[in-house]
Every structure is written in structure tokens, then in C-alpha cells.
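Taking it in order: structure first as C-alpha cells, then the write-up.
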Amino acid sequence: MSMTEPVEAMAEPWDEIDAPPSVARTLPGTVPIVPKDSITGRSLTAVVAIMTFLASLTTGIAMLVVSAASDWQSEVSREITIQVRPMPGRNIDADVHAASDIAHAAPGIAEIQAFSKEESARLVEPWLGAGLSLDDLPIPRLIVVKIAPGMRPDFVALGQALAARVPTASLDDHRGWIDRMRTMAESALFGCIAIMVLVWVVTILSVTFATRGTMAANRPIVEVLHYVGATDSFISSQFQRHFLILGFRGGAIGGGVAMLLFGLLEVVKNWGAETPPSDEMAGLFGSFSIGIAGYLAILLQIVFMALVTAFASRRTVNRTLQSID
Amino acid sequence: MKSVGRRESAAAVVYWSEDCGGRRVIQFENVGLRYGLGPEVLRDLNFGISGQSFQFLTGPSGAGKTSLLRLMLLSLRPSRGLISMFEQDTARLSKDGRANLRRRIGIVFQDFRLLDHLTTYENVALPLRVLGKEEAEYRAEAVELLQWVGLGDRMGALPPILSGGEKQRAAIARAVITRPQLLLADEPTGNVDPNLGQRLLRLFIELNKSGTAVVIATHDIALMDEYDARRLVLHEGRLHVYD
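Those sequence lines, one after another, are chains A and B. Following our numbering, the numbering of the first sequence begins with 46 at its first residue and continues without gaps. Following our numbering, the numbering of the second sequence begins with 2 at its first residue and continues without gaps.
This is the structure:
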């Protein structure tokens, strides 16, 4: 066969090839250069979803624990107690009355509740049994003083006034408890932050490695784009956009499920409100609500997860391009 | 191509490429290439590729044909020597500058390298998308080219269902859609039968007549005997030119 035939004569070599009917999409078509749905893409979405769910759960639980610890602390610090001891030659009821008056007169006090003889008996009933006469025992009487919100009464002055006028009275501002509560709250906060950081490190690492794995499957696309003259920025932007969407989708699924779970927890808690078990749980774990701040934190995590995925893909593309060029 | 319209399409392709005349599109001067700390796989390469020229690049397997093609595609950097491309020193080019030069080169691989999730049409139009063109701008051009290479009725097909010959024609169409001044083909007939190989060679000859410089890397002696063209023979890392 001579290869010097005119172009017109050579322009027919494909007619005898049997072509099966065309399939797939019809023209025009501008599908994304990076395939939208692939097995590796779906796996990455699943990894991002699971890790975002776990990270969101950790964040939410950390916020609940910190909030509960803070509630305990503030509840204890909102009250002080005046203890009036019985003493021979003194009328304890008169001392209780006088101490209540002194406390009432102090600035920043919202409410005073002096325990009566019967109420005091009930307080020690679990240990000493019913039918107890306080006259037979030197049981001190308690006055619970509630502090007005936002106020900081002068406990030193109050203590001095009590000591001067009611020598049998002593003031307990719960400082020892508050200090212990503060230490516990700080430990809980530190522990939660440490767990959160660990979970986030694991999350970032697993999402980064999953993204790299997915990118490895896309290496042929990077190569072809490189060979047909695409600039590095064009190639990385194509992948970055694709992986941003993948990461956001995975993050939204994981974070969404976590938000749903916290929402359900709140609903269930409200449903059983005012029942003894619910009150006990509320006393222990606080409100059971992560609040607006918690939901916002989860939303931020979703966005952050999408950014991590996109960033990891961009780095991997750049590394791939360096190895090609 | 029996219809007149198809013949007109073929004729339309003739004036595609920017005329480089007899100017050198590539010039190698004392070029050497080694991978890492290994021995030089290519040594003292001194040759040029003129515009509108046609040449075979041959040599035994492992002689370095693909490495030389990658040097010409700016996909590898030489260990030493100077490579000028379109009268520019490639060593001084930025990454974007190299990408811009690569747009003036078409490449055809033995393994086609079509993207399986894109249709034949989308694969062929890919270089134009990379250039930032809108689909409406290039649709007619891509369809015309696909018809010219005999894939007019396979435009919507995905590569996995194309035959080897169809894939190679799609790869050639993708390589020439930007009207490159230089077309590099790495064993383009390696995965097709001899008859189809001859047809593909005809296609390359037609493209060359349209003004594109063509370099076909092959070790198929029978194919080279089909067309009297310049031969670049690689042997033990050195290049021997037979004009």
C-alpha cells in the first residue's frame, strides 16, 4: 500500500469498522473532569462521616460535662450556711432568729431559710431514726442563706457580725467545697479537651490518609490533565473542589447524625421532666442540652472537616504533579 | 469516508496547525538523562525536529524511546544539556510556562490513557476544557474531528466499550484537537493489529500534511517500511539520525 495517496483517498479507512450502537450519555456533555461518584469517593465520604460523627459526639459530651461541672459549682457557690450550736444557758431559737436577722440585713442576700427544730430532726432522721427529740441531743440548727444572682456579699463582715452578736453561730461559705468543685471542673475540662484533641488528631489523620488513598485512584486523571497542558493550579483546583464537596457531604452526614442524637436526647429529657429519675439525671449531668454553642461547634466541625479533606487532596495532587514533572 | 461532507471535513483539517515552516520546533544540544544516581540512559543527544516534518523514533525495547518522548513533552528534565522548544530554553521556564508549551504538543500513548468516566466526545474535548473554553465554543469542532477519525457514531460511548482501534483514534483526536505544532506518539500501533496500524499511520500522515510535525516512537519495522520518513534510532543511549 502506498502512503503517498492523496488525502481524499486516504480519508476512508474507518468506514468498514463495525460500530456497535452508541451508549451512555448523549451530547452535549460536560460532566466533571474528576468523577463525582466512585467507590473510593464513597469510601472517603463514609470515613469522613464516621469520623465527624465521633468528633462531634466527643465535642458535645465534653460540652455537657463542662456545663454540668459548672452548674454544680455555681449551685454550691450560690448558697452559704450559718450553723447555730446549742449551748447551755442560751436560747437556741432566739440565736437562730438573731442570726437570721443579721444575715437578712447583709447586702446581696436574696433569701433566708432557717431550719426549724422539726426540719432539723428530719435532716438527721436517716442516721438517727424517727421520733427523735432534739432536746436530748446537741444538734446544731442550720440557716441556709441564698445569695442574690450576680452579688458578692462580704462574708468576712457577715462572719464578724455574727460572732459579735451570736457567739454560738458560725458561717460556712462552702469555700472548701467550691475549691474542690473548681478543681474537679477544671480536671473535667482538661480531660475533655485532651480527648477532643486526640479524637481530632485521629480524625484529621484518617481523613488525610483516606483522601490520599482516593487520590491514588485518581492519579491517571492527574497525569492526563498534566499531559494535555493543564497548569498545576487548574488540576489542583479541580480536585480541591471535588474533595471539598466530598468532605462536606461526609461531614454533614456525620455531624447531622450527631446533632440529631443530641436533639433527641434533649427531647427525651424534656419528655420525662419532673420525674424523680429525670431530676436525678439532671442533677448529675446538668441540662442534657449542648445549646446553640454546641450545635454551632458541630457545624464548624463539618466545615473544618470539608476543608481538611480539600487541603489533603490539594497537597496530594501537588505531590503527584511533582513526581510526574 | 464516503460522503463529500466528510471529505470536506478532512480538507478542513489540512490548514489546522500554526505554520512552523522549516523552523525547529525542538532542538536538543548535548542532552543527557539519568534517573537518580544511576547511569545515563540517554547520552549526548544532538538533533532537532523541524516544523511539518515526519519522523520515526525507533530502537530496541528499553533503549529510552519513552524517556526521550517525555523529554520532548517536558515531562522530564534533562540531567545535562539544553533543550529548546519553539525557540525557548525549557530550563528557564516556570511550571506554567512549561504547561503552556505542552499545549502546543499533542501526545498519543500506547495505552491510550482515556478517562473512563468521560465519553469519547468529552475525552477528545478535554484539552479544550483545560484551556477554559466553553462547550458551545468547541462542540462543532470536536464533533467534526470525531467524524474525521471515524468516531462520529461513537461520541457518546464510554472508553471501556470501545475497541482498541477506536480508543487509539479517540486518543489521536484528543492529541490534535488543540491543533498542536508537534505530535508525539508512543507506540501508537502497539496495541492494534497490523491492518489497523497501517490505518493509524495514514491518519498520522494526514495530520503531518496538515502542518503538524510528527514523531512516532515504534519498534515496528514493518510499519516504518510503509512510509519513507526520517528515522531517529536510539541505541545504547545514543541517537543516530537517518534522514
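Idealized CB from N, CA, C, for every residue including glycine.
Give the DSSP bridge partners of LYS191 of chain A, in chain order.
-> Counting from 1 along the first sequence, the entry for residue 191 of chain A is found at position 146. A:GLU124, A:GLU156, per the DSSP bridge assignment.
Buried versus exposed call for ALA113 of chain A [16 or more other C-beta atoms within 10 Å across all chains shown] = The count along the first sequence starts at 1 and reaches residue 113 of chain A at position 68. Buried, because 16 or more other Cβ atoms sit within 10 Å of the Cβ of ALA113 of chain A.
Out of A:ARG225, A:LYS314, A:ALA148, point me to the one whose CA is closest to LEU187 of chain A's CA.
-> Locating residue 187 of chain A in the first sequence gives position 142, counting from the first residue. Ranking A:ARG225, A:LYS314, A:ALA148 by Cα distance to LEU187 of chain A puts A:ALA148 first.
Please check the pair PRO193 of chain B and PHE205 of chain B, which I expect to be a contact at CB under 8 Å, by giving their CB distance rounded to whole angstroms.
-> If you number the second sequence from 1, residue 193 of chain B lands on position 192. If you number the second sequence from 1, residue 205 of chain B lands on position 204. Looking at the sequence itself, residue 193 of chain B is Val, so the reference to Pro does not match. VAL193 of chain B to PHE205 of chain B, Cβ: 13 Å. No contact.
In the structure shown, what three-state DSSP assignment does ASN31 of chain B receive?
-> Working through the second sequence from its first residue, we reach residue 31 of chain B at position 30. It is a strand residue.
Shortest alpha-carbon distance to GLU167 of chain B belongs to which of B:GLY198, B:GLU138, B:LEU185, B:ILE178?
-> Within the second sequence, residue 167 of chain B is the residue found at index 166, counting from 1. Comparing Cα positions, the closest option is B:GLY198.
Closer than 7 Å, CB to CB, is LEU116 of chain B near chain C or not?
-> In summary, chain C is missing from the structure at hand, where the protein chains are A and B.
The region 88-108 of chain A in contact with the region 264-275 of chain A per 3-pair CB rule at 8 Å = no
Is it buried or exposed for LEU89 of chain A, if we count other Cβ within 10 angstroms and need 16 for buried?
-> On the first sequence, residue 89 of chain A is found 44 positions in, with the first residue counted as 1. Counting Cβ neighbours within 10 Å, LEU89 of chain A comes out buried, since at least 16 surround it.
With respect to the beta strand (DSSP E) encompassing TYR122 of chain B, which residues constitute its N-terminal and C-terminal limits?
-> In the second sequence, residue 122 of chain B corresponds to position 121, counting from 1. Careful: TYR122 of chain B lies outside any beta strand (DSSP E), inside the alpha helix (DSSP H) at 121-131.
Indicate whether GLY296 of chain A and ALA342 of chain A have their beta-carbon atoms separated by less than 7 Å.
-> In the first sequence, the residue the question calls residue 296 of chain A occupies position 251. In the first sequence, the residue the question calls residue 342 of chain A occupies position 297. Cβ distance not < 7 Å, so GLY296 of chain A and ALA342 of chain A don't count as in contact.
Do THR67 of chain B and ASP187 of chain B have their C-beta atoms within less than 7 Å of each other?
-> By one-based count along the second sequence, residue 67 of chain B stands at place 66. By one-based count along the second sequence, residue 187 of chain B stands at place 186. Cβ distance < 7 Å, so THR67 of chain B and ASP187 of chain B count as in contact.
Would TYR340 of chain A count as contacting chain B if we go by Cβ distances under 7 Å?
-> In the first sequence, the residue the question calls residue 340 of chain A occupies position 295. It does not; no Cβ of chain B falls within 7 Å.
Counting contacts by CB-CB distance shorter than 7 Å, is THR361 of chain A in contact with chain B?
-> For the purposes of this step, residue 361 of chain A is taken as the residue at position 316 of the first sequence. Using beta-carbon distances, THR361 of chain A does not count as an interface residue toward chain B, since no partner is under 7 Å.
Spell out whether any CB of chain B is found under 7 Å from the CB atom of ALA275 of chain A.
-> In the first sequence, counting from the first residue as 1, residue 275 of chain A sits at position 230. Judged by the 7 Å Cβ criterion, ALA275 of chain A is in contact with chain B.
What three-state label does DSSP hand GLU41 of chain B in the structure shown?
-> Indexing the second sequence from 1 puts residue 41 of chain B at position 40. In the structure shown, GLU41 of chain B sits in a strand (DSSP, three-state: E or B).
Counting along the chain, where does the beta strand (DSSP E) carrying GLN182 of chain B start and finish?
-> The sequence position of residue 182 of chain B within the second sequence is 181, counting from 1. Per DSSP, GLN182 of chain B belongs to no beta strand (DSSP E) and is neither H nor E.
Below 7 Å between beta carbons: does that hold for VAL26 of chain B and LEU184 of chain B?
-> Here the question's residue 26 of chain B lines up with position 25 in the second sequence. Here the question's residue 184 of chain B lines up with position 183 in the second sequence. The answer is no: Cβ separation not under 7 Å.
Give the range of the beta strand (DSSP E) segment to which ALA275 of chain A is assigned.
-> Taking the first residue of the first sequence as 1, we reach residue 275 of chain A at position 230. From DSSP, ALA275 of chain A is part of no beta strand (DSSP E); its letter is neither H nor E.
Does LEU43 of chain B come within less than 7 Å of chain A when only Cβ atoms are used?
-> Residue mapping note: residue 43 of chain B aligns to position 42 of the second sequence, counting from 1. Closer than 7 Å: no.
Is the Cβ of ILE84 of chain A closer than 7 Å to any Cβ of chain B?
-> As a position in the first sequence, residue 84 of chain A is number 39, starting the count at 1. Closer than 7 Å to the CB of ILE84 of chain A there is not a single CB belonging to chain B.
Whole angstroms is fine: what's the gap from HIS118 of chain B's alpha carbon to ILE162 of chain B's?
-> Start at 1 with the first residue of the second sequence, and residue 118 of chain B comes out as number 117. Start at 1 with the first residue of the second sequence, and residue 162 of chain B comes out as number 161. Their Cα atoms are separated by approximately 12 Å.
Could you spell out where the alpha helix (DSSP H) holding THR67 of chain B opens and where it closes?
-> Walking along the second sequence from the start, residue 67 of chain B turns up at place 66. Here the alpha helix (DSSP H) through THR67 of chain B covers 66-73.
Nearest-angstrom Cα separation, counted from SER368 of chain A out to LEU250 of chain A | For the purposes of this step, residue 250 of chain A is identified with residue 205 of the first sequence, where counting begins at 1. For the purposes of this step, residue 368 of chain A is identified with residue 323 of the first sequence, where counting begins at 1. Roughly 23 Å separates the two Cα atoms.
May I ask you to list the residues that DSSP assigns as paired with THR59 of chain B?
-> Here residue 59 of chain B is taken as the residue at index 58 of the second sequence, counted from 1. Beta-bridge pairing links THR59 of chain B to B:VAL234.
At 3 residues or longer, and completely inside the region 66-116 of chain B: list those beta strand (DSSP E) runs for me, N to C.
-> Every beta strand (DSSP E) stretch that sits fully inside the region 66-116 of chain B and reaches 3 residues is listed by chain position as 81-86, 106-109.
Mind checking which residues open and close the beta strand (DSSP E) that includes HIS241 of chain B?
-> Taking the first residue of the second sequence as position 1, residue 241 of chain B is located at position 240. Boundaries of the beta strand (DSSP E) around HIS241 of chain B: 239-243.
If we call anything under 7 Å between Cβ atoms a contact, is LEU70 of chain B one with ALA218 of chain B?
-> Taking the first residue of the second sequence as position 1, residue 70 of chain B is located at position 69. Taking the first residue of the second sequence as position 1, residue 218 of chain B is located at position 217. Contact: yes.
Under 7 Å between beta-carbons, which chain B residues line up against PHE279 of chain A? List them in chain order, please.
-> The sequence position of residue 279 of chain A within the first sequence is 234, counting from 1. Correct list: VAL131.
Taking only beta-carbon positions, decide if ALA186 of chain B is within less than 7 Å of chain A.
-> By one-based count along the second sequence, residue 186 of chain B stands at place 185. By this cut-off, ALA186 of chain B is not an interface position.
Report the three-state DSSP secondary structure of ASN192 of chain B (helix, strand or coil).
-> If you number the second sequence from 1, residue 192 of chain B lands on position 191. Three-state DSSP puts ASN192 of chain B in coil, outside helix and strand.
At what residues does the alpha helix (DSSP H) containing SER251 of chain A begin and finish?
-> Position 206 of the first sequence holds residue 251 of chain A. 220-262 is the span of the alpha helix (DSSP H), which, as asked, contains SER251 of chain A.
Does the region 30-39 of chain B touch the region 75-90 of chain B, meaning 3 or more C-beta pairs lie closer than 8 Å?
-> yes
Contacts around VAL111 of chain A, its chain only, beta-carbon distance under 8 Å, and the 5 residues preceding and following it disregarded | Taking the first sequence and counting its residues from 1, the one referred to as residue 111 of chain A is at position 66. Same-chain partners within the cutoff: ALA230, ALA233, LEU234, CYS237.
Would the region 118-131 of chain B and the region 150-158 of chain B be scored as touching if the rule is three or more Cβ pairs under 8 Å?
-> Yes, the region 118-131 of chain B touches the region 150-158 of chain B.
Please report the Cβ distance between VAL362 of chain A and VAL252 of chain A, rounded to the nearest whole angstrom; I am assuming they are in contact, meaning their Cβ atoms lie under 8 Å.
-> Taking the first sequence and counting its residues from 1, one reaches residue 362 of chain A at position 317. Taking the first sequence and counting its residues from 1, one reaches residue 252 of chain A at position 207. VAL362 of chain A to VAL252 of chain A, Cβ: 16 Å. No contact.
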